[in-house]
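Structure, as structure tokens:
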Amino acid sequence: MNGKQLFLVLATVLALGSSLQVEATETTDNKTGQFVPTKEWQVINEGQAIPKGLHVRINLQTGLKEAKLLDESERGTALQSSQTIDETDGEPLPLDYKKDLIEASQRHAKEYVELRKAYKEFQKNFRTDGELVVQLIGQYRNFSKNPLESELKPKLDALETLEFLLHQIDNALVFIDNGGLDDVLLPIVVNDTNTALRVSAMRVLGSLTSNNPKAQIKVFEKSFGSHLSQIIISSTNTAEISSALHAFGALLRKFPLAQKRVLSTSGTQALIRVLRSPEMELRSKGKVVTLISDLVQEKRFALEGSKDMPDAASSTAQYVLIEFEPWLETQGYCRALDDVLSKDFLHLLDQPELVEQFSTAIWTTQSMCHSVWSQSSALRHALLTIRNRYANSKDEYRLEVSHALNNICKRLYDNTKQHTELAHNKRKPSHKFH
Numbered sequence: 129m130n131g132k133q134l135f136l137v138l139a140t141v142l143a144l145g146s147s148l149q150v151e152a153t154e155t156t157d158n159k160t161g162q163f164v165p166t167k168e169w170q171v172i173n174e175g176q177a178i179p180k181g182l183h184v185r186i187n188l189q190t191g192l193k194e195a196k197l198l199d200e201s202e203r204g205t206a207l208q209s210s211q212t213i214d215e216t217d218g219e220p221l222p223l224d225y226k227k228d229l230i231e232a233s234q235r236h237a238k239e240y241v242e243l244r245k246a247y248k249e250f251q252k253n254f255r256t257d258g259e260l261v262v263q264l265i266g267q268y269r270n271f272s273k274n275p276l277e278s279e280l281k282p283k284l285d286a287l288e289t290l291e292f293l294l295h296q297i298d299n300a301l302v303f304i305d306n307g308g309l310d311d312v313l314l315p316i317v318v319n320d321t322n323t324a325l326r327v328s329a330m331r332v333l334g335s336l337t338s339n340n341p342k343a344q345i346k347v348f349e350k351s352f353g354s355h356l357s358q359i360i361i362s363s364t365n366t367a368e369i370s371s372a373l374h375a376f377g378a379l380l381r382k383f384p385l386a387q388k389r390v391l392s393t394s395g396t397q398a399l400i401r402v403l404r405s406p407e408m409e410l411r412s413k414g415k416v417v418t419l420i421s422d423l424v425q426e427k428r429f430a431l432e433g434s435k436d437m438p439d440a441a442s443s444t445a446q447y448v449l450i451e452f453e454p455w456l457e458t459q460g461y462c463r464a465l466d467d468v469l470s471k472d473f474l475h476l477l478d479q480p481e482l483v484e485q486f487s488t489a490i491w492t493t494q495s496m497c498h499s500v501w502s503q504s505s506a507l508r509h510a511l512l513t514i515r516n517r518y519a520n521s522k523d524e525y526r527l528e529v530s531h532a533l534n535n536i537c538k539r540l541y542d543n544t545k546q547h548t549e550l551a552h553n554k555r556k557p558s559h560k561f562h
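Position in the sequence shown (first residue = 1) + 128 = this note's numbering.
Structure (structure tokens):
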């Protein structure tokens, strides 16, 4: 139950509690002695008879029935109510109805007491997101400086909560303003030897940096770009590479200054290293080519958009200084992507999402790699094989990917070579890949 729902429930019960005042007009058998009314509220024992004309209520604190003599002001109200009953219905409410009403009032009063306790507990433990972020930072500061196995789970739990909270821009800035980068993330990413903690910390880093320009600047100023590059270059752990690429991409996207500084040094080398490594999963390589494609297109759109938006001159000047495509060529991007598809295309036959990532990257960067890819018979064979496989599918998504591959083949290879390959494939018996 959230806070708003709890407030509504309490308001309803309070309204009910304030109306639980019943005027007794009948008596029942005296089972526990005579009730002697006074001007003060007294508890009515179970089964105890009471005189007529008393003011009866349910005590919302205790849930017990209480009665007292009517005040002078209440006597007039009671008399008027009695006359109204005689004039309209002619009969007072039946005794069994009054009993049911009192029992129901007692139940509601007990529920009110329980809800009030729950609400007080809720108030005591309630924290805003910002307060919780600050609390988690403080919790991390109190952990031992030396790695303790007993502290691993609390650390991972704290990082998981931070990853969720820091998607919100305001929460991310609270984290940064309260020293979260210096006291929590930087020590883990740079110095911690526990892989699980590094993976979680880089997920938090990606969470707080994504689509958050102020956070990107702060993270860049702490040199996280170079630290992430070194992890991507040196690590062999799939989960660590994946989380590092996530944080790396979140830092660089739409941040031309960081792109220039990071990619001109070790950043581009790190990306190509993932493509070249035979130990890396295809999914990690798919993330790399997606980031490369996104950054290449980002610069192109920025330069093209500046023609229609003179006010974007300062941003455009920063993109002009980024020589990402030459850096990619220097690091061997064209050959690396050729090798990935030529050697692993059979593994892509049943992974259309990955094929789409690679085909998008080829289409985006084919102008700088055309001389290499157009002369690669192994790449041509891989592209045509995947294209033909998807072209015979009934799945709409695979057909769309096949269409994209067909456009790539038209751009890279002449029609004669395509027809020769297709005719050769038709003469061969078909192979099914499952």
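A virtual CB, placed ideally from N, CA and C, is assigned to each residue, including glycine.
Predicted, not measured: the structure shown is a model, and the values here were computed from it.
Handout entry: Best match in 180, 517 and 173 for proximity to residue 186 [C-alpha to C-alpha]
Key = If you number the sequence shown from 1, residue 186 lands on position 58. Considering only alpha carbons, the answer is 173.
Exercise for the section: Leaving out five residues on either side along the sequence, give the residues of the same chain with a beta carbon under 7 Å from the beta carbon of residue 318. Expected result: On the sequence shown, residue 318 is found 190 positions in, with the first residue counted as 1. Cβ neighbours of residue 318 beyond the five flanking positions: 355.
Exercise for the section: Would you mind stating whether residue 197 and residue 167 have Cβ atoms separated by less than 8 Å? Expected result: Stepping through the sequence shown from its first residue, residue 197 is reached at position 69. Stepping through the sequence shown from its first residue, residue 167 is reached at position 39. In this structure, residue 167 lies closer than 8 Å to residue 197 by Cβ.
Handout entry: Presumed contact (8 Å Cβ cut-off) between residue 333 and residue 313, rounded CB distance
Key = Translated into positions along the sequence shown, residue 333 becomes position 205. Translated into positions along the sequence shown, residue 313 becomes position 185. That belief holds up - the Cβ atoms of residue 333 and residue 313 are roughly 6 Å apart, short of 8 Å.
Exercise for the section: Could you pull out every residue in the same chain whose Cβ sits closer than 7 Å to the Cβ of residue 400, ignoring the five residues on either side in sequence? Expected result: The residue given as residue 400 occupies position 272 in the sequence shown. For residue 400, where only same-chain residues beyond five positions count, the Cβ hits under 7 Å are 459, 460, 461 and 464.
Practice task
Mark residue 525 as exposed unless 16 or more other C-beta atoms lie within 10 angstroms of its C-beta, in which case mark it buried.
Solution key: Counting from 1 along the sequence shown, the entry for residue 525 is found at position 397. Under this definition residue 525 is an exposed residue.
Exercise for the section: Please specify which runs of the alpha helix (DSSP H), each continuous and at least 4 residues long, are wholly inside the segment 274 to 331, giving them in chain order. Expected result: 280 to 293, 297 to 305 and 314 to 319
Practice task
Sort 427, 402, 453 and 454 by Cα distance to residue 467 and report the nearest one.
Solution key: Indexing the sequence shown from 1 puts residue 467 at position 339. When each option's Cα is compared against that of residue 467, the closest is 402.
Practice task
Decide if residue 266 is buried, meaning its Cβ has at least 16 other Cβ atoms within 10 Å, or exposed.
Solution key: Start at 1 with the first residue of the sequence shown, and residue 266 comes out as number 138. Exposed, because fewer than 16 other Cβ atoms sit within 10 Å of the Cβ of residue 266.
Practice task
Give the straight-line distance between the Cα atoms of residue 449 and residue 388, rounded to the nearest whole angstrom.
Solution key: Here residue 449 refers to the residue found at position 321 of the sequence shown. Here residue 388 refers to the residue found at position 260 of the sequence shown. Between residue 449 and residue 388, the C-alpha separation is close to 7 Å.
Problem - Selected residue, minimal CA-CA separation from residue 277, among 374, 325 and 308 - result: Locating residue 277 in the sequence shown gives position 149, where the first residue counts as 1. For residue 277, the closest alpha carbon among the candidates 374, 325 and 308 is that of 325.
Handout entry: residue 180 - containing beta strand (DSSP E), residue span
Key = Residue mapping note: residue 180 aligns to position 52 of the sequence shown, counting from 1. From DSSP, residue 180 is part of no beta strand (DSSP E); its letter is neither H nor E.
Handout entry: Straight-line gap, residue 361 to residue 397 (C-alpha atoms, nearest Å)
Key = Indexing the sequence shown from 1 puts residue 361 at position 233. Indexing the sequence shown from 1 puts residue 397 at position 269. The alpha-carbon atoms of residue 361 and residue 397 are separated by roughly 8 Å.
Handout entry: Host beta strand (DSSP E) of residue 471 (start-end)
Key = For this step, residue 471 is matched to residue 343 along the sequence shown. From DSSP, residue 471 is part of no beta strand (DSSP E) but of the alpha helix (DSSP H) over 461 to 476.
Exercise for the section: Measure from the alpha carbon of residue 91 to the alpha carbon of each residue in 305, 497, 472 and 297, then state which is nearest. Expected result: Shown here, the chain extends from 129 to 562; a query on residue 91 therefore has no answer.
Practice task
Measure how close the beta-carbons of residue 357 and residue 394 come, nearest whole angstrom, since I'm counting them as under 8 Å.
Solution key: Locating residue 357 in the sequence shown gives position 229, counting from the first residue. Locating residue 394 in the sequence shown gives position 266, counting from the first residue. The Cβ separation is near 4 Å, so the contact holds.
Problem - First and last residue of the uninterrupted alpha helix (DSSP H) at residue 453 - result: Reading the sequence shown from its first residue, position 325 is the one you call residue 453. Going by DSSP, residue 453 is part of the alpha helix (DSSP H) stretching over 452 to 458.
Problem - CA-to-CA distance, residue 537 to residue 496, given in whole angstroms - result: Translated into positions along the sequence shown, residue 496 becomes position 368. Translated into positions along the sequence shown, residue 537 becomes position 409. Just so you know, the alpha carbons of residue 496 and residue 537 end up roughly 16 Å apart.
Problem - Alpha-carbon to alpha-carbon, residue 309 and residue 330 - result: By one-based count along the sequence shown, residue 330 stands at place 202. By one-based count along the sequence shown, residue 309 stands at place 181. Going from the Cα of residue 330 to the Cα of residue 309 covers about 11 Å.
Problem - Proximal residues to residue 296 (C-beta, below 7 Å), its chain only, five neighbours per side dropped - result: On the sequence shown, residue 296 is found 168 positions in, with the first residue counted as 1. 257.
Practice task
Quickly, what does DSSP pair residue 424 with across the bridge? List them, please.
Solution key: Walking along the sequence shown from the start, residue 424 turns up at place 296. As computed with DSSP, residue 424 is found in no beta bridge at all.
Handout entry: As assigned by DSSP and simplified to three states, the class of residue 265
Key = Working through the sequence shown from its first residue, we reach residue 265 at position 137. When DSSP states are grouped into helix, strand and coil, residue 265 belongs to the helix group.
Practice task
Under 8 Å by Cβ, that's how I've got residue 425 and residue 383 pegged, so tell me the actual separation to the nearest angstrom.
Solution key: Indexing the sequence shown from 1 puts residue 425 at position 297. Indexing the sequence shown from 1 puts residue 383 at position 255. At roughly 15 Å, the Cβ-Cβ gap does not stay under 8 Å, so residue 425 and residue 383 are not in contact.
Problem - Rounded distance between the beta-carbons of residue 335 and residue 288, thought under 8 Å - result: Counting from 1 along the sequence shown, the entry for residue 288 is found at position 160. Counting from 1 along the sequence shown, the entry for residue 335 is found at position 207. Incorrect: roughly 10 Å between the Cβ atoms, too far for contact.
Handout entry: residue 198: first and last residue of the uninterrupted alpha helix (DSSP H) it sits in
Key = Here residue 198 refers to the residue found at position 70 when the sequence shown is read from its first residue. Looking at the DSSP string, residue 198 is not in any alpha helix (DSSP H), and its letter there is neither H nor E.
Handout entry: Nearest to residue 563 (by Cα), restricted to the options 530, 323, 368 and 520
Key = Since the first residue shown for the chain is 129 and the last is 562, residue 563 is missing from the structure and cannot be characterised.
Practice task
Return helix, strand or coil for residue 136, following the three-state DSSP convention.
Solution key: Indexing the sequence shown from 1 puts residue 136 at position 8. Confidence in residue 136 is poor, its pLDDT being 46 and thus under 50, which makes the residue's placement too unreliable to answer from.
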